[in-house]
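Participant:
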Amino acid sequence: DTAVSQTPKYLVTQMGNDKSIKCEQNLGHDTMYWYKQDSKKFLKIMFSYNNKELIINETVPNRFSPKSPDKAHLNLHINSLELGDSAVYFCASSQSRTALTGNTEAFFGQGTRLTVV
Amino acid sequence: AQKVTQAQTEISVVEKEDVTLDCVYETRDTTYYLFWYKQPPSGELVFLIRRNSFDEQNEISGRYSWNFQKSTSSFNFTITASQVVDSAVYFCALRFAGTYKYIFGTGTRLKVLA
Chain A
1 DTAVSQTPKY LVTQMGNDKS IKCEQNLGHD TMYWYKQDSK KFLKIMFSYN
51 NKELIINETV PNRFSPKSPD KAHLNLHINS LELGDSAVYF CASSQSRTAL
101 TGNTEAFFGQ GTRLTVV
Chain B
1001 AQKVTQAQTE ISVVEKEDVT LDCVYETRDT TYYLFWYKQP PSGELVFLIR
1051 RNSFDEQNEI SGRYSWNFQK STSSFNFTIT ASQVVDSAVY FCALRFAGTY
1101 KYIFGTGTRL KVLA
C-alpha cells in the first residue's frame, strides 16, 4: 500500500485552465503539506495543514487553494493556470505530536508533474 | 538566517568509489532536526535519515553513513562502494523544533557510472 498517494502523476493543461491535484495518506498522520519543486529541483513549501487547519501559507498566489476535507486528504486546486506554474508538486505528511518534538520525518508522495502549455 | 547549503551541484563517480555529499546549515536555534532525502530518476522523495541537534553520534546504515558536526554546522553523507542504483538527487533538509516547516537544500545530483 502506498503511504502517500497523489493523483494524477502527470497533468498537461492549457494556460487559463483550472485543475486539481489530490493527495491521500494512509499513515494516520494529522499534518499534511504541499511542496513545489521547480525545474532546478528546488523544493519549497507552499502549504501545511494540521488537523484540517491551515498552519503554513508561504506567499503563494491566491490562485492556489488547498482544501483538506479530513486529516487523510489534502487537495490542491489551481485556478487560471500560468506557464510559471509548471513544476512537480509533492504532497507529504507527518505526525504533529511527534513532529513538534522532532521524533518524526515527513513522508512524500511520488509527485505530480504539472505542465502548462 | 535559516538556510541549508549543498554546494555540490553534481558529482560523478565510478562504481565502487566512495563519495561524500556535503550539507551545511545555518540556524540560531539550539534544537533542530536534520534530514537526508533521496530522489531517484523515478521522481519520488525517499526519506533516508533524521538526526536531532542534541545527538552528534555518527550513523552507519549499510553503505551509507552520516557525519554530523555541530561545530561546523555540517551534516555530510557518505556512500561507500557506490553503485549505479545510488544515482539520484540527494537533498539535505532542516526543521526547527516546534515547527512543521522543512527547509531543503538545492540538492546534489550524484551520477554513478558503471
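If you read the protein sequences in the order shown, they are chains A and B.
Residues 1 to 117 (my numbering) are what the first sequence spells out, left to right.
Residues 1001 to 1114 (my numbering) are what the second sequence spells out, left to right.
Don't be surprised by glycine CBs; every beta carbon is placed ideally from N, CA and C.
(1) Could you list which residues in chain A have their beta carbon closer than 7 Å to that of B/GLU1044, in chain order?
(2) CB B/ALA1081 to CB B/ARG1063, shorter than 7 Å?
(3) Would you please verify whether the beta carbon of A/PHE47 is less than 7 Å from any beta carbon of chain B?
(4) Straight-line CA distance for B/VAL1085 to A/LYS71?
(5) Smallest Cα separation from A/GLN95: which of A/ASP85, A/ALA87 and A/PHE107?
(6) Report buried or exposed for A/GLU58, applying the criterion of at least 16 other Cβ atoms within 10 angstroms of its Cβ.
(7) If we call anything under 7 Å between Cβ atoms a contact, is B/VAL1089 one with A/LYS41?
(8) Report, in whole angstroms, the separation of the C-beta atoms of A/LEU76 and A/PHE64, which I expect to be a contact under 8 Å.
(9) Cutting at 8 Å between CB atoms, please list the residues of its own chain near B/GLU1056, excluding the five before and the five after it.
(10) Would you say B/SER1061 and B/THR1078 are within 7 Å of each other, going by their C-beta atoms?
(11) With B/GLY1107 and A/GLN110 assumed to form a contact (beta carbons below 8 Å), what rounded beta-carbon distance in angstroms separates them?
(12) Please compile the residues from chain B whose C-beta is within a distance smaller than 7 Å of the C-beta of A/PHE42.
Facilitator: Concretely, from the data shown:
(1) To locate residue 1044 of chain B, count along the second sequence from 1; it is residue 44. What B/GLU1044 touches in chain A: PHE108, GLN110 and GLY111.
(2) One-based indexing of the second sequence puts residue 1081 of chain B at position 81. One-based indexing of the second sequence puts residue 1063 of chain B at position 63. Yes, they are a contact pair.
(3) Locating residue 47 of chain A in the first sequence gives position 47, counting from the first residue. It does not: the Cβ of A/PHE47 has no partner Cβ on chain B nearer than 7 Å.
(4) Here residue 1085 of chain B is taken as the residue at index 85 of the second sequence, counted from 1. Here residue 71 of chain A is taken as the residue at index 71 of the first sequence, counted from 1. In a straight line, the C-alpha of B/VAL1085 is about 35 Å away from that of A/LYS71.
(5) Translated into the one-based positions of the first sequence, residue 95 of chain A becomes position 95. Nearest of A/ASP85, A/ALA87 and A/PHE107 to A/GLN95, Cα basis: A/PHE107.
(6) Here residue 58 of chain A corresponds to residue number 58 of the first sequence, with the count starting at 1. Exposed, by the Cβ-count rule.
(7) Position 89 of the second sequence holds residue 1089 of chain B. Position 41 of the first sequence holds residue 41 of chain A. Taking the C-beta atoms as reference points, A/LYS41 is found nearer than 7 Å to B/VAL1089.
(8) The sequence position of residue 76 of chain A within the first sequence is 76, counting from 1. The sequence position of residue 64 of chain A within the first sequence is 64, counting from 1. With 8 Å as the limit, A/LEU76 and A/PHE64 qualify as a contact, their Cβ atoms being about 7 Å apart.
(9) Translated into positions along the second sequence, residue 1056 of chain B becomes position 56. So the qualifying residues of the chain are PHE1068, GLN1069 and LYS1070.
(10) Looking up residue 1061 of chain B in the second sequence gives position 61. Looking up residue 1078 of chain B in the second sequence gives position 78. In this structure, B/THR1078 does not lie closer than 7 Å to B/SER1061 by Cβ.
(11) Residue 1107 of chain B sits at position 107 when you count from the first residue of the second sequence. Residue 110 of chain A sits at position 110 when you count from the first residue of the first sequence. At roughly 17 Å, the Cβ-Cβ gap does not stay under 8 Å, so B/GLY1107 and A/GLN110 are not in contact.
(12) Residue numbering aside, residue 42 of chain A sits at position 42 when the first sequence is read from its first letter. Those are THR1106, listed as they occur along chain B.
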